[in-house]
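All remarks here apply to the structure that follows.
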Amino acid sequence: MALLQIVEPGESAAPHQHKLAVGIDLGTTNSLVATVRSGLAVVISDELGRPLLPSVVAYHADGSYEVGYEAQVRQTLDPRNVIASVKRLMGRGLKDIVNHEAMPYDFDDVPGMVRLHTTGGVKSPVAVSADILRTLRERAEASLGGALVGAVITVPAYFDDSQRQATKDAARLAGLTVLRLLNEPTAAAIAYGLDNGAEGIYAVYDLGGGTFDISILKLSKGVFEVLATGGDSSLGGDDFDQRIFCWILEAAKLKPLSIEDASLLLTRAREAKEYLTLHGVAPISARLNSGEVVDLKLTTEIFTEISQTLVAKTIQPVKKALRDAGLSVSEVKGVVMVGGATRMPQVQHAVGEFFRQEPLNNLDPDKVVALGAAKQANLLAGNRAADDDWLLLDVIPLTLGLETMGGLVEKIIPRNSTIPVARAQEFTTFRDGQTALAVHIVQGERELVSDCRSLARFELRGIPPMVAGSARIRVTFQVDADGLLAVSARELTSGVEAKISVKPSYGLTDGEIASMLKDSMAHTKDDAQRRALKEAQVDAQRLIEAVQSALKSDSDLLSAEQLARVEAAIAALQASALGDSRRQITQAIDDLEAKTRDFAAQRMDKSIRRAFAGKRIDALEGAASAAGVGEHR
Amino acid sequence: MDFNADHFTLLEMPRSFRIDSALLDKRYRELAAQVHPDKFAQAGDAERRLSLQWATRVNEAYQTLKKPLSRAQYLLSLAGHEVDANNNTAMPSEFLMEQMEWREAVAEARLAREQSELEQLHHRVKQRMKRRYEQVAGLLDDQQDYPTAADRVRRLMFLEKLLFEIDDAMAALDA
Chain A
4 MALLQIVEPG
14 ESAAPHQHKL
24 AVGIDLGTTN
34 SLVATVRSGL
44 AVVISDELGR
54 PLLPSVVAYH
64 ADGSYEVGYE
74 AQVRQTLDPR
84 NVIASVKRLM
94 GRGLKDIVNH
104 EAMPYDFDDV
114 PGMVRLHTTG
124 GVKSPVAVSA
134 DILRTLRERA
144 EASLGGALVG
154 AVITVPAYFD
164 DSQRQATKDA
174 ARLAGLTVLR
184 LLNEPTAAAI
194 AYGLDNGAEG
204 IYAVYDLGGG
214 TFDISILKLS
224 KGVFEVLATG
234 GDSSLGGDDF
244 DQRIFCWILE
254 AAKLKPLSIE
264 DASLLLTRAR
274 EAKEYLTLHG
284 VAPISARLNS
294 GEVVDLKLTT
304 EIFTEISQTL
314 VAKTIQPVKK
324 ALRDAGLSVS
334 EVKGVVMVGG
344 ATRMPQVQHA
354 VGEFFRQEPL
364 NNLDPDKVVA
374 LGAAKQANLL
384 AGNRAADDDW
394 LLLDVIPLTL
404 GLETMGGLVE
414 KIIPRNSTIP
424 VARAQEFTTF
434 RDGQTALAVH
444 IVQGERELVS
454 DCRSLARFEL
464 RGIPPMVAGS
474 ARIRVTFQVD
484 ADGLLAVSAR
494 ELTSGVEAKI
504 SVKPSYGLTD
514 GEIASMLKDS
524 MAHTKDDAQR
534 RALKEAQVDA
544 QRLIEAVQSA
554 LKSDSDLLSA
564 EQLARVEAAI
574 AALQASALGD
584 SRRQITQAID
594 DLEAKTRDFA
604 AQRMDKSIRR
614 AFAGKRIDAL
624 EGAASAAGVG
634 EHR
Chain B
14 MDFNADHFTL
24 LEMPRSFRID
34 SALLDKRYRE
44 LAAQVHPDKF
54 AQAGDAERRL
64 SLQWATRVNE
74 AYQTLKKPLS
84 RAQYLLSLAG
94 HEVDANNNTA
104 MPSEFLMEQM
114 EWREAVAEAR
124 LAREQSELEQ
134 LHHRVKQRMK
144 RRYEQVAGLL
154 DDQQDYPTAA
164 DRVRRLMFLE
174 KLLFEIDDAM
184 AALDA
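Chains as they are written, first to last, in the numbering used here: chain A, 4 to 636; chain B, 14 to 188.
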């Protein structure tokens with residue numbers, strides 16, 4: 004797929020060494036890992052040929068754990084220590100978790116993010132997710148025969164900043180280099196768009212196990228542009244199971260259940276839901292520990308009726324996203340269905356009715372996200388030629404703002420802004436001699452701080468004492484390509500500058516992550532020191548390759564003297580990467596980075612000039628009408 | 014390329030209110046393709062940082078020029094006529110009266126759950142805005158009458174706000 008007319012001379016000519024990169028769909032119910040092999044995206048199955056890994060982790064008293072089908076088997080026997088649907092807990096405090104009373108876990112209401120008491124110790128949702136990710140990393144490395152350069156991890160488009168940060172932390176904990184956090188519907192659009200050469204406006208309706216996303220995209224040759232996104236980060240297939248479960252309790256007139264019996268009936272509910280996809284009636288039978296016997300029949304009609312409000316709940320965000328994109332239903336060319344829960348006939352029906360067209364079901368709704376992520380990982384790892392390339396323009400799902408006087412939200416970056424994006428806002432002091440300012444960062448669409456999600460708080464100190472209203476404090480929000488926020492604040496008057504940068508950490512401090520990293524090493528075959536050394540060596544190799552490829556295309560930007568200095572720094576890094584001192588490697592990396600900083604700036608400049616050169620050639624080739632307007636400046 | 018160049022220079026578009034939006038889209042995509050962080054996922058820290066800054070800058074330029082209101086405001090600020098809404102609230106009373114009438118109509122339709130009435134209001138405000146923007150184009154591009162253009166842009170800010178409220182009311186009725 005050609006994006007630019009101009010081919011970069013240095014890049015396409017050099018035969019690339021294929022780098023091992025994967026896409027991971029970390030799902031509420033199931034997780035998958037995929038990669039691109041000989042140009043084709045494929046899901047990597049386990050040794051028994053099973054592509055899915057149930058997102059279930061069983062913890063044992065001796066500190067060991069099981070992930071996947073083995074853990075799922077233990078779910079009804081030991082519900083307190085077998086953690087399922089952990090994605091619903093990521094980056095969440097107890098009060099944020101919908102229906103947590105119905106979950107069998109022993110929660111600890113830690114501010115920021117809940118913890119779970121298990122027989123294997125206290126676990127944060129990040130650690131549980133890391134155990135799933137580690138299993139997938141090991142599966143991929145065994146199958147591909149080497150260490151991964153990195154992974155693209157998918158997240159629901161509607162995940163807020165805390166949930167994204169928690170997912171990235173989990174990947175780090177699992178020993179993965181995160182190439183990018185990618186929104187699930189966007190990943191699906193990549194897989195669908197590339198495979199079908201789709202162009203035009205597409206909607207991706209993604210109903211997973213525990214999350215719902217809707218994204219509206221504009222697909223054109225080599226560009227995937229998200230116009231708007233919306234959703235509900237606690238609505239999914241699990242909720243349909245819950246509805247059936249409640250129906251069983253009522254229909255069979257059951258007394259209050261033990262945890263084990265509840266867990267068994269929930270499993271029966273899920274099985275009935277899946278059975279109804281292909282059949283009109285599902286038998287539900289179970290013998291409970293209490294001695295009671297359940298013997299019921301659930302019809303499609305009843306299921307449709309009891310789940311009607313859930314289906315309707317997904318249509319609201321669809322309308323909103325369309326409105327945000329400034330589009331009507333008739334402008335949507337296709338609706339791509341993603342997520343196992345879209346198999347339910349009533350969901351298919353409701354979506355088809357709303358969009359007035361048959362939804363597209365020609366991709367496996369369980370795999371499409373992982374396959375798209377694998378394609379993006381392959382691109383980011385540099386395995387594709389410059390002329391076989393695409394550009395991804397994604398957005399933030401929720402408005403970012405600051406608390407101002409009276410508990411009101413000052414909106415700084417509106418939802419659906421294309422990322423990366425930065426916005427600055429100036430504030431002032433309201434008391435004479437005020438020397439500190441509290442900054443409270445929130446995310447959400449509501450006017451009141453108390454109705455939005457609190458992301459982080461910090462204080463800017465050292466403001467010179469001044470009359471109220473004369474200080475000028477500039478607060479800058481920067482959202483990167485992963486959709487993650489960094490905030491900095493500066494006082495600008497009287498030449499005095501105070502500056503602080505925060506990277507909100509949502510309940511997990513860097514220290515906590517470091518110690519979790521150490522703990523997790525102790526329970527696996529990995530030797531922490533060896534792993535750290537290997538990571539430094541991989542970083543060194545990555546940097547050397549990046550600089551060498553930069554030199555190949557742009558060495559003319561450097562004087563002979565500068566070139567010699569850079570080459571000497573490369574040689575020094577190469578030498579230290581062969582040794583076993585992590586410290587030396589890190590120092591040599593820093594040195595090479597420092598010596599190529601100006602070079603990087605010059606190259607960026609050249610890239611931008613090249614974009615313009617590309618346009619002039621187009622103009623010559625005949626786009627006369629449009630190009631003529633651009634000539635006079 | 015100068016990082017601090019104005020948005021028009023950065024995207025190599027003529028500095029005018031009337032804009033070839035297909036060309037703007039094309040220039041934006043070409044430039045974004047060169048600087049986007051996805052192109053630098055394997056690069057060193059310095060290049061990745063630069064890429065983030067440049068991609069942010071390019072997005073800002075595009076978003077500002079894409080929408081007519083922000084494009085007009087930006088052109089005025091380049092011409093030294095800042096549209097400062099907070100310090101220039103003295104609008105003619107007949108304009109403010111009209112705004113109040115519009116707003117009452119929206120509130121009534123919302124209360125009465127009249128979706129079709131809201132749609133009509135939406136359509137009428139849109140029509141009004143279209144004429145106003147055509148007027149602004151003449152004032153900015155042909156007459157270079159910046160003070161009058163600034164006044165018309167301030168009125169358009171009211172209308173944009175009104176449109177937002179109508180859409181909000183329609184969304185509320187959907188729910």
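In this text, a Cβ means the ideal position worked out from N, Cα and C, and glycines have one as well.
Proximity of chain B to A:ALA603 at the Cβ level (cut-off 8 Å) is accounted for by ALA56, GLY57, ALA59, GLU60 and LEU63, in chain order.
Across the set A:ILE100, A:SER333, A:ASN186 and A:PHE357, the C-alpha of A:ASN186 shows the shortest separation from the C-alpha of A:ALA376. For the stretch 294-323 of chain A, residues whose beta-carbon sits nearer than 8 Å to a beta-carbon of chain B comprise GLN319, LYS322 and LYS323. Among the residues of the stretch 591-602 of chain A, those with a Cβ less than 8 Å away from any Cβ of chain B are LEU595, GLU596, THR599 and ARG600, in the order of the chain. Looking from the CA of A:LEU176, the closest CA among A:THR189, A:ALA145, A:ASP216 and A:LYS126 belongs to A:LYS126. Proximity to A:ARG456 across A:ALA133, A:GLN166 and A:ALA24 peaks at A:GLN166, based on C-alpha coordinates. Look at B:HIS49: its C-beta is under 8 Å from a C-beta on chain A. The Cβ atoms of A:ALA492 and A:ARG475 lie no closer than 8 Å to each other.
At a cut-off of 8 Å between C-beta atoms, A:ALA206 does not count as an interface residue with respect to chain B. Using beta-carbon distances, B:ALA74 does not count as an interface residue toward chain A, since no partner is under 8 Å.
Identification of residues in the stretch 143-171 of chain B having a C-beta nearer than 9 Å to some C-beta of chain A yields an empty set. The residue among B:ARG168, B:GLU43, B:GLU121 and B:GLN76 with its C-alpha nearest the C-alpha of B:ILE179 is B:GLU121. For a cut-off of 8 Å, the C-beta gap from B:VAL48 to B:VAL71 is around 6 Å, short enough to register as a contact.
With a threshold of 8 Å between beta carbons, B:GLU130 makes no contact with chain A.
Residue pairing by DSSP places A:GLY203 opposite A:LEU222 in a beta bridge. The beta carbon of A:ASN84 lies closer than 6 Å to those of TYR62, THR121 and THR122 in the same chain, with the five residues before and after it left out.
Per the DSSP secondary-structure output, A:ALA24 pairs in a beta bridge with A:GLY153. Three or more Cβ pairs closer than 8 Å define a contact, and the stretch 189-200 of chain A falls short of that threshold against the stretch 296-312 of chain A. In the three-state reduction of the DSSP assignment, A:THR407 falls in the strand class.
In this structure, A:ILE47 lies near A:ARG142, with their beta-carbon atoms less than 8 Å apart. With its beta carbon at least 8 Å from every one in chain B, A:ASP235 lies outside the interface. Cβ proximity to chain A below 7 Å picks out nothing from the stretch 106-120 of chain B. Cβ proximity to chain A below 8 Å picks out nothing from the stretch 79-100 of chain B.
For a Cβ distance threshold of 7 Å, residue set GLN47 of chain B lies close to A:ARG613, ordered along the chain. For A:ALA353, none of the residues of chain B pass the 7 Å Cβ criterion, the least Cβ distance being about 15 Å. Checking the DSSP bridge columns, you'll see A:GLY94 has no partner listed. If you draw a straight line from the Cα of A:ILE399 to the Cα of B:GLU73, it is about 14 Å long. For a Cβ distance threshold of 8 Å, residue set PRO50 and LEU65 of chain B lies close to A:ASP483, ordered along the chain. B:MET110: member of the alpha helix (DSSP H) spanning 106-124, first to last residue.
Only buried fits A:THR189, as 16 or more other CB atoms lie within 10 angstroms of its CB. From the beta-carbon of B:ARG42, the residues of chain A found nearer than 7 Å are VAL226 and LEU394. A:PRO107 places its beta carbon 8 Å or farther from that of A:SER310.
Under the Cβ criterion of 8 Å, A:PRO188 is not counted among the residues facing chain B. Under a 10 Å Cβ-count criterion, A:GLU228 is classified as buried, with 16 or more other Cβ atoms of the shown protein chains found around its own Cβ. Residue nearest to A:ALA87 within the set A:GLY94, A:LYS98, A:ASP111 and A:PRO128 is A:PRO128 (criterion: CA-CA distance).
Residue burial annotation: B:ARG137 is exposed, with fewer than 16 other C-beta atoms found within 10 angstroms of its C-beta.
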